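Here's the structure we're looking at; comments come further down.
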Amino acid sequence: MKLVTWNINGIRTFKGGIKNALDSLDADIICVQETKVTRDLLDERTAIVDGYNSYFSYSRGRSGYSGVATYCRDDATPSAAEEGLTGLLTNHEGAAGCYGDHTDFSSEELQLLDNEGRAVITQHKIMCQDKEQTVTVINVYCPRADPDKPERKQFKLRFYEVLQRRAEALLQGGSHVIVLGDVNTSHRPIDHCDPCDDDDFAEYPGRKWLNGFLYSSSEEEDPDEEECDKESEMRDCTQTGKFIDIFRYFHPTRTNAFTCWSTLTGARQTNYGTRIDYIFADRCLAQEQFVGADIMPEVEGSDHCPVWAKLKCLLLPSSKPPPLCTRYLPEFIGKQQKLSRFLIKVDQKSSQSEPKQTLPGSQEEEERRENMNPSPVPYISGKKRPAAPESAAPKGKKSKTTNNSLKPQGNLLSFFKPKLTAVKQCESTPALDGFTSSHRDPKASTTSELCPDTGSPTEDTELVVKAPSQLCISSTTGEPDKTVKTKQPASQLAVGQSDVKKGASSVFWKSVLHGPPPAPCCKVHREPCVLRTVKKEGPNMGKQFFVCGRPQGHVSNPEARCNFFMWVEKGK
Numbered sequence: 005m006k007l008v009t010w011n012i013n014g015i016r017t018f019k020g021g022i023k024n025a026l027d028s029l030d031a032d033i034i035c036v037q038e039t040k041v042t043r044d045l046l047d048e049r050t051a052i053v054d055g056y057n058s059y060f061s062y063s064r065g066r067s068g069y070s071g072v073a074t075y076c077r078d079d080a081t082p083s084a085a086e087e088g089l090t091g092l093l094t095n096h097e098g099a100a101g102c103y104g105d106h107t108d109f110s111s112e113e114l115q116l117l118d119n120e121g122r123a124v125i126t127q128h129k130i131m132c133q134d135k136e137q138t139v140t141v142i143n144v145y146c147p148r149a150d151p152d153k154p155e156r157k158q159f160k161l162r163f164y165e166v167l168q169r170r171a172e173a174l175l176q177g178g179s180h181v182i183v184l185g186d187v188n189t190s191h192r193p194i195d196h197c198d199p200c201d202d203d204d205f206a207e208y209p210g211r212k213w214l215n216g217f218l219y220s221s222s223e224e225e226d227p228d229e230e231e232c233d234k235e236s237e238m239r240d241c242t243q244t245g246k247f248i249d250i251f252r253y254f255h256p257t258r259t260n261a262f263t264c265w266s267t268l269t270g271a272r273q274t275n276y277g278t279r280i281d282y283i284f285a286d287r288c289l290a291q292e293q294f295v296g297a298d299i300m301p302e303v304e305g306s307d308h309c310p311v312w313a314k315l316k317c318l319l320l321p322s323s324k325p326p327p328l329c330t331r332y333l334p335e336f337i338g339k340q341q342k343l344s345r346f347l348i349k350v351d352q353k354s355s356q357s358e359p360k361q362t363l364p365g366s367q368e369e370e371e372r373r374e375n376m377n378p379s380p381v382p383y384i385s386g387k388k389r390p391a392a393p394e395s396a397a398p399k400g401k402k403s404k405t406t407n408n409s410l411k412p413q414g415n416l417l418s419f420f421k422p423k424l425t426a427v428k429q430c431e432s433t434p435a436l437d438g439f440t441s442s443h444r445d446p447k448a449s450t451t452s453e454l455c456p457d458t459g460s461p462t463e464d465t466e467l468v469v470k471a472p473s474q475l476c477i478s479s480t481t482g483e484p485d486k487t488v489k490t491k492q493p494a495s496q497l498a499v500g501q502s503d504v505k506k507g508a509s510s511v512f513w514k515s516v517l518h519g520p521p522p523a524p525c526c527k528v529h530r531e532p533c534v535l536r537t538v539k540k541e542g543p544n545m546g547k548q549f550f551v552c553g554r555p556q557g558h559v560s561n562p563e564a565r566c567n568f569f570m571w572v573e574k575g576k
């Protein structure tokens, strides 16, 4: 039995297709996080993969955010599956059960913890030592504590509490438990590229939670240790954590074993990252059944890398996938749906009189309403749509209207060709910003080139400017008293005016849209720096600065970015 966990940073980013990606991981159970798909965006190519059955959890308040999925090979089909940790999203048979004590959580808080699509649970039958047992796999994507949003820190800790209670309740219920995914906390200094002071590092609330969740966090486990007693491990180990970090179980002292790197700074090139992706298992299962585990930093495609673990027990597939399986979704099962499924009546009076509630900062502003009232399908207000005007055409149908007064549509190139100036009459016209070309179509009729002043065809037509507000065409064969004050060839005037206009425009736009300043060279590597912009809210937001162009790394790494920094002066 092989498991893989991977934060894929968007399930639609697989260039070779989801099936090729799953096959390349070569595992029985593949748990992915940060799928960034919601229920309405899930397509059949992603949901139904040949040789696998899949189980999804979606964010209910924000599109393109969070989301987890578990893909099981057909020979590893689970016997039960459910979405979320609290049980509030489970409305079908075939759930794993054992939810734990939630008395100190409000129903609203529990709903919020599950509404971001951060957990999928699958339960499998395994054969261990000629005895059939149960193992529950909890695929989680734990929240990130945003430093700019203190309320998210509390949200993350509450999610940890619910996760631990559910895992321990399943353990108490007689099932082995595996918790895997992106936990978003590096446990010990060895799991971080640049840990701060040890005392401050250990005081981080997420690490304190891991210390209580994991067994013997201060001592290394011996893989060859005598087998544990199952009953005592599942029910009597109350003095310490009940789970083991499988990677550290097999590699207790390995350094630079990271699973996440910053893509903005190119930190993967220098292996300047953290280990925040884990596979945890209850102590008894870890010591009896696990035979190996490791990270896969060579696998690219995300800012995280996969983590795998193997067990020597055999998986016993279920004969039928549980109801949560995506192949049972109405749009994929091949049955015609009723229109009433998409229409839900809403009581207007109750919705208008309902007071506005404020959520404790677990979501962005635009997702708050839907998190308070999650619904699997969009709802439509019962208010009647105003009657459409009689002249309006039905939606979706093109109205055939004809207008005989409209001229035929012209050629697009006619807007870029110089206009032909008629010489049938000379009259005062407003001053023009552009110019009029004197070129004519040689095939045009000569009768259109008669000037009313002379009554004879023009032989040498020139552009004559009498005054700034006058522009006309005259012939050099005209009478002497028709002489004008200013007279020059049209082509020369056009070129002159065009050059002046282009020059003025160039000066103006350069003063408004000046390009980036020249990049200085850093003082250590003598290489051109890169330009960055401050995006964090504060007094420096929007300001630009130069830093070394090399990828981020440890200060002791000469190939990594140096500490060069220079603000871009205003106006440059």
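Just remember that my numbering sits 4 ahead of the position in the sequence shown, which is counted from 1.
From the three backbone atoms N, C-alpha and C, an ideal C-beta is built for every residue, glycine too.
Here the structure is a predicted model, which means the values were calculated and not measured.
Mapping DSSP to helix, strand and coil, what is residue i?
| i | result |
| --- | --- |
| serine 502 | helix |
| isoleucine 22 | helix |
| alanine 85 | strand |
| glutamate 136 | strand |
| asparagine 11 | strand |
| tyrosine 1 | Only positions 5 to 576 of the chain appear in the structure, and residue 1 is not among them; the question remains open. |
| glycine 68 | coil |
| threonine 244 | coil |
| glycine 216 | helix |
| arginine 536 | strand |
| aspartate 204 | helix |
| lysine 153 | coil |
| threonine 126 | strand |
| alanine 290 | helix |
| glutamine 37 | strand |
Determine the extent of the beta strand (DSSP E) in which residue i is found, giving its start and end residues.
| i | result |
| --- | --- |
| isoleucine 194 | Taken as a continuous stretch (DSSP letters only), isoleucine 194 belongs to no beta strand (DSSP E), as it is neither H nor E. |
| alanine 285 | 281-286 |
| threonine 74 | 72-77 |
| tyrosine 56 | 56-61 |
| proline 569 | Strictly speaking, residue 569 in this sequence is phenylalanine, with proline absent from that position. Note, phenylalanine 569: beta strand (DSSP E), 569-571. |
| phenylalanine 294 | 294-299 |
| histidine 3 | Any property of residue 3 remains undetermined from this structure, which presents the chain solely from 5 to 576. |
| valine 303 | Valine 303 -> no beta strand (DSSP E), and no H or E assigned at all. |
| alanine 313 | 311-315 |
| leucine 319 | 318-320 |
For residue i, count neighbouring C-beta atoms within 10 Å of its own C-beta (all shown protein chains included) and say buried if the count is 16 or more, exposed if not.
| i | result |
| --- | --- |
| valine 528 | exposed |
| glycine 104 | buried |
| histidine 191 | buried |
| isoleucine 33 | buried |
| isoleucine 337 | exposed |
| arginine 162 | buried |
| cysteine 200 | exposed |
| serine 502 | exposed |
| histidine 106 | buried |
| asparagine 143 | buried |
| aspartate 54 | exposed |
| aspartate 79 | exposed |
| arginine 530 | exposed |
| valine 559 | exposed |
| aspartate 249 | buried |
| lysine 324 | exposed |
| leucine 416 | exposed |
| methionine 2 | The displayed coordinates of the chain run from 5 to 576. Any statement about residue 2 would go beyond what the structure contains. |
| serine 58 | buried |
Starting from residue i, trace the alpha helix (DSSP H) in both directions and tell me its first and last residue.
| i | result |
| --- | --- |
| threonine 50 | 48-51 |
| aspartate 118 | 111-118 |
| tyrosine 276 | Looking at the DSSP string, tyrosine 276 is not in any alpha helix (DSSP H), and its letter there is neither H nor E. |
| phenylalanine 3 | Any question about residue 3 goes unanswered here, given that the chain covers just 5 to 576. |
| tyrosine 103 | Here tyrosine 103 belongs to no alpha helix (DSSP H), and DSSP marks it neither H nor E. |
| phenylalanine 254 | 250-254 |
| phenylalanine 336 | 334-337 |
So that I know if they touch, is there some Cβ in chain D lying closer than 8 Å to that of residue i?
| i | result |
| --- | --- |
| serine 28 | Going by chain labels, chain D is absent from the structure shown, which holds only one protein chain. |
Exercise. How do the stretch 96-107 and the stretch 152-161 stand: do at least 3 beta-carbon pairs fall below 8 Å, yes or no?
Worked result: The stretch 152-161 and the stretch 96-107 do not touch, with fewer than three beta-carbon pairs separated by less than 8 Å.
For this session: Give a yes or no on contact between the stretch 161-172 and the stretch 48-68, applying the rule of three or more CB pairs nearer than 8 Å.
Result: Flag = no, the stretch 161-172 and the stretch 48-68 do not touch.
Exercise. If you pair each beta-carbon of the stretch 130-141 with each one of the stretch 186-193, do three or more pairs fall below 8 Å?
Worked result: The stretch 130-141 vs the stretch 186-193: no contact.
Exercise. For the stretch 315-324 against the stretch 20-28, are there 3 or more C-beta pairs whose distance is under 8 Å?
Worked result: Not touching, per the Cβ criterion.
For this session: Check whether the stretch 565-572 touches the stretch 284-300, taking contact to mean three or more Cβ pairs, one atom from each stretch, closer than 8 Å.
Result: By the C-beta criterion, the stretch 565-572 is judged not to be in contact with the stretch 284-300, since fewer than 3 inter-stretch pairs fall below 8 Å.
Problem set entry | Three CB pairs or more closer than 8 Å across the stretch 30-45 and the stretch 10-20 | A contact exists between the stretch 30-45 and the stretch 10-20.
Exercise. So does the stretch 262-274 actually touch the stretch 115-134, counting three or more Cβ pairs closer than 8 Å?
Worked result: No: fewer than three Cβ pairs fall under 8 Å.
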